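Participant: When the letters of the sequence shown are read in order and numbered with mature numbering (1 follows the signal peptide of the UniProt record, and there is no 0), they come out as residues -34 to -1, 1 to 258. Glycine is no exception: its CB is placed at the ideal position from the N, C-alpha and C atoms. In this text, all values refer to a predicted model and were calculated from it rather than measured experimentally.
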Amino acid sequence: MGSESMASYKSSTGILNFLLISLLDSSLIVSCIASKFNQEFDISWGNGRGKILNNGDLLTLSLDKTSGSGFQSKNEYLFGKIDMQLKLVPGNSAGTVTTYYLKSPGNSWDEMDFEFLGNLSGDPYTLHTNVYSQGKGDREQQFRLWFDPTADFHTYSILWNPKLIIFSVDGKPIREFKNLESIGVPFPKKQQMRIYSSLWNADDWATRGGLIKTDWTRAPFTASYRNFKADACIWSSGRAACPSRKSWLWQKLDATSFQRLKWVQKNFMIYNYCTDTKRFPLGFPPECSVNM
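As structure tokens, then:
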């Protein structure tokens, strides 16, 4: 699970020193130039429904009534800035879910999620985000997007360092989750994560709580991926090695980025667990006082 191998680096200072020492291992440096999918990912399931095309520059996942499909990264990462361009299922995508996330192995896992919940033609997608630490999630925030995510490719990014996690869309931050271990909130910083993506049928809950079912006459449904970039620390043989350019390791939101975050949350957020009084009648989770 990675926690044992990092046992001697429990403090933030220890982990930062560990990462900086790991820079000496240049064989594991990750380029921030767009990578080839056939070099970075494996199609993990779907029986041929996932395809790597155009000499590794394009990846597609498909869903039909029999099965969906998915892929996963060859590498595992501990901190970094991960970018992926997606073009989502067009038209009537009700019942379908396209996921793109980082996740560690084991029963006490860490995870950071982008999930795109399909909808009827002409209705907006719902962008669902979540953060798990040590197996605990239930930290959902949902958004409508300010563009049609099916018309063209858009960049969805996760910046992850020992102090915070930032979810961004086309360079605009939409969510920040800070390290609040000081008030007892676990933070993902000890377990290496792999990148996963999938396209699958969830018409029992995905669209209007399961009221709208998948229209299989429109199958196969297809989502497309390009321009994957990982400026990140690769985990291998119990240690992490980081790229020489690592400004993200100490990055935080500046004043301009913070205003953009607030603009997105004011205008496009449709659900925030930190304001759900029915769910938390006795008071919100402790991180809500800071991670709003």
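1) How would you call D197, buried or exposed, if buried means at least 16 neighbouring beta carbons within 10 angstroms?
2) When you compare each of P90, T121, V63, I131 to W216 by their alpha carbons, which one comes out closest?
3) Could you check whether S163 and K47 sit closer than 8 Å to each other, using their CB atoms as the reference points?
4) Check whether the Cβ atoms of M50 and Y67 lie closer than 8 Å to each other.
5) Leaving aside the five residues before and after Q100 along the sequence, list all residues of the same chain whose C-beta is less than 6 Å from its C-beta, in chain order.
6) Between the C-alpha atoms of residue 275 and D23, what's the straight-line distance to the nearest angstrom?
7) Could you check what DSSP says for L(-12) in three-state terms: helix, strand or coil?
8) Spatial neighbours of K2 within its chain, please: C-beta separation below 8 Å, excluding the five flanking residues on both sides.
9) Classify T116 as buried or exposed, calling it buried when 16 or more other Cβ atoms lie within 10 Å of its own Cβ.
10) When DSSP builds the beta bridges, which residues end up paired with K102?
11) Count the CB pairs spanning the region 55 to 63 and the region 167 to 182 that are closer than 8 Å, and state whether there are at least three.
12) Does the Cβ-Cβ distance between Q158 and S70 come in under 8 Å?
13) Looking at the C-beta of Q231, does it have a partner C-beta in chain D at a distance below 8 Å?
14) On the DSSP bridge list, what partners appear for E142?
15) Does the distance from the C-beta atom of D185 to that of L165 stay below 8 Å?
16) Quick one: what's S163 bridged to in DSSP?
17) If you draw a straight line from the alpha carbon of L146 to that of L227, how long is it in whole angstroms?
18) What are the partner residues of T121, as DSSP defines its beta bridges?
19) Only counting the same chain, and skipping five residues up and downstream in sequence, which positions put a Cβ closer than 6 Å to that of I18?
20) With distances taken between CB atoms, is the gap from K144 to V230 smaller than 8 Å?
21) Any idea if D76 is buried or exposed, counting beta-carbon neighbours within 10 angstroms, 16 or more meaning buried?
22) Considering only residues of the same chain and omitting the five flanking positions on each side of G16, which have a CB-CB separation below 6 Å?
Facilitator: In brief:
1) Start at 1 with the first residue of the sequence shown, and residue 197 comes out as number 231. Its Cβ being crowded by 16 or more others within 10 Å, D197 is buried.
2) Numbered from its first residue, the sequence shown carries residue 216 at position 250. Ranking the options by Cα distance to W216, first place goes to I131.
3) Position 81 of the sequence shown holds residue 47. Position 197 of the sequence shown holds residue 163. Cβ distance not < 8 Å, so K47 and S163 don't count as in contact.
4) Numbered from 1 along the sequence shown, position 84 holds the residue referred to as residue 50. Numbered from 1 along the sequence shown, position 101 holds the residue referred to as residue 67. No.
5) Position 134 of the sequence shown, counted from the first residue, corresponds to residue 100. The answer, listed in chain order, is S74, P152.
6) For residue 275 there is no data in the structure shown, the boundaries of the chain being -34 and 258.
7) As a first step, residue -12 must be located in the sequence shown, where it is residue number 23. Model confidence at L(-12) stands at a pLDDT of 34, short of 50, so the residue's coordinates are unreliable; what they give is reported in the following sentence. In this structure, L(-12) counts as helix in the three-state DSSP scheme.
8) For the purposes of this step, residue 2 is taken as the residue at position 36 of the sequence shown. The answer, listed in chain order, is N21, G22, D23.
9) As a first step, residue 116 is located in the sequence shown; it is residue number 150 there, counting from the start. Flag for T116 reads buried.
10) One-based indexing of the sequence shown puts residue 102 at position 136. K102 is bridged to S99.
11) yes
12) Against the sequence shown, residue 158 aligns to sequence position 192. Against the sequence shown, residue 70 aligns to sequence position 104. With contacts defined as CB atoms closer than 8 Å, Q158 and S70 qualify as a contacting pair.
13) Checking the listed chains, one finds no chain D in this structure; it contains a single protein chain.
14) The residue labelled residue 142 in the question sits at position 176 within the sequence shown. Looking at the DSSP assignment, E142 forms a beta bridge with I132.
15) Stepping through the sequence shown from its first residue, residue 185 is reached at position 219. Stepping through the sequence shown from its first residue, residue 165 is reached at position 199. Looking at the sequence provided, one finds Ala at residue 185 rather than Asp. Not a contact, by the Cβ cut-off of 8 Å.
16) Here the question's residue 163 lines up with position 197 in the sequence shown. Looking at the DSSP assignment, S163 forms a beta bridge with F37, Y66.
17) To locate residue 146, count along the sequence shown from 1; it is residue 180. To locate residue 227, count along the sequence shown from 1; it is residue 261. Cα-Cα distance, rounded: 19 Å.
18) Position 155 of the sequence shown, counting from 1, holds the residue named residue 121. Paired residue(s): Q51.
19) Taking the sequence shown and counting its residues from 1, one reaches residue 18 at position 52. Counting only Cβ-Cβ distances below 6 Å, and skipping sequence neighbours, we find F3, N4, L25.
20) In the sequence shown, counting from the first residue as 1, residue 144 sits at position 178. In the sequence shown, counting from the first residue as 1, residue 230 sits at position 264. No, these two residues do not count as a Cβ contact at 8 Å.
21) Taking the sequence shown and counting its residues from 1, the one referred to as residue 76 is at position 110. Buried, since its Cβ has 16 or more Cβ neighbours within 10 Å.
22) Here residue 16 corresponds to residue number 50 of the sequence shown, with the count starting at 1. Closer than 6 Å at Cβ, skipping near neighbours: I9, L27, S35, F37.
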